[in-house]
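K.L.:
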Amino acid sequence: MGNGRCQGRNSIFFQKITRFINSVKAPYNVNSLSLNKIIELIDKKEFIMVNVKNTLNEMYWLKNILQDMKCIKKIYPSDANFFLVEFRNAEKVYDLLLENEILTSKRSPKIPGCIRINVGRREENVRLVEMLKTVEL
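For the sequence shown, the tail end lands on 137 under the working numbering, and the numbers increase by one without skipping.
#1: Which residue spans inside the stretch 106-132 form an unbroken beta strand (DSSP E) run of at least 3?
#2: According to DSSP, which residues form a beta bridge with I48?
#3: In the DSSP assignment, the alpha helix (DSSP H) including K92 goes from what residue to what residue?
#4: Assuming contact is defined by CB atoms lying nearer than 7 Å, are K74 and E86 in contact in what I supplied?
#5: Could you name the residues that DSSP lists as bridge partners for L84?
#6: Run through DSSP, which three-state label would K63 get?
#7: Exposed or buried, what is V93 when buried is set at 16 or more other beta-carbons lying within 10 Å of its beta-carbon?
#8: Skipping 5 residues on each side, what residues in its chain have a beta carbon closer than 6 Å to that of D95?
#9: Below 8 Å on the Cβ atoms is my guess for R127 versus I102; work out the distance and round it to an integer in Å.
#10: Would you mind sorting K16 into buried or exposed? The rule is 16 or more other CB atoms within 10 Å of its CB.
#11: Roughly how many whole angstroms lie between the Cα atoms of M69 and V50?
#12: Leaving aside the five residues before and after F20 along the sequence, list all residues of the same chain whose C-beta is less than 8 Å from its C-beta, in chain order.
#13: Please state the DSSP three-state secondary structure of K70.
#14: Count the other C-beta atoms from every protein chain shown that fall within 10 angstroms of the C-beta of V119, then say buried if there are 16 or more, exposed otherwise.
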């Protein structure tokens, strides 16, 4: 009889924990392997700062190149690790990038003509730029 009571309490406890976790989780789920890595790295401030610096450098480098490309109408300001880019022919650009296994996020129809482009490592950003250079207007 005591065992059943414990199971009932555990069930209620786990339901409360589940509700709490669901109430505070981010809009994008993160798997447990990623969470464990985050916990492991959270105290390694130097590692984090190096990665932040690298990302900021790549953002600056990529934006400077993208702003001169003829296929791009506008790059919206960003403080995140991505750019919202308005293209002259977003469908064509999106399809080209997808065919070449460069994943982006098409924002149409909510934001017509726009694609979200994440800032990656230098080799990824160079590959993106090379693909965009092939876009004909």
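A virtual CB, placed ideally from N, CA and C, is assigned to each residue, including glycine.
It should be emphasised that the depicted structure is a prediction, and the values quoted were computed from it without experimental measurement.
P.N.:
According to the data block:
#1: Fully enclosed beta strand (DSSP E) runs of 3 or longer: 114-118.
#2: I48 has no beta-bridge partner at all, per DSSP.
#3: In the DSSP assignment, K92 falls within the alpha helix (DSSP H) that extends over 90-99.
#4: Yes, Cβ-Cβ distance for K74 and E86 is below 7 Å.
#5: Answer is Y76, R116.
#6: Reduced to three states, the DSSP call for K63 is helix.
#7: Answer is buried; the Cβ neighbour count reaches 16.
#8: Around D95: no qualifying Cβ.
#9: Between R127 and I102 the beta-carbon gap is near 7 Å, inside 8 Å, which marks them as a contact.
#10: Exposed: under 16 other Cβ atoms inside 10 Å.
#11: Approximately 29 Å between the Cα atoms of the pair.
#12: Within the same chain, no Cβ atom closer than 8 Å to the Cβ of F20 is found once the five residues on either side in sequence are excluded.
#13: In this structure, K70 counts as coil in the three-state DSSP scheme.
#14: Looking at its Cβ environment, which holds 16 or more other Cβ atoms inside 10 Å, V119 is buried.
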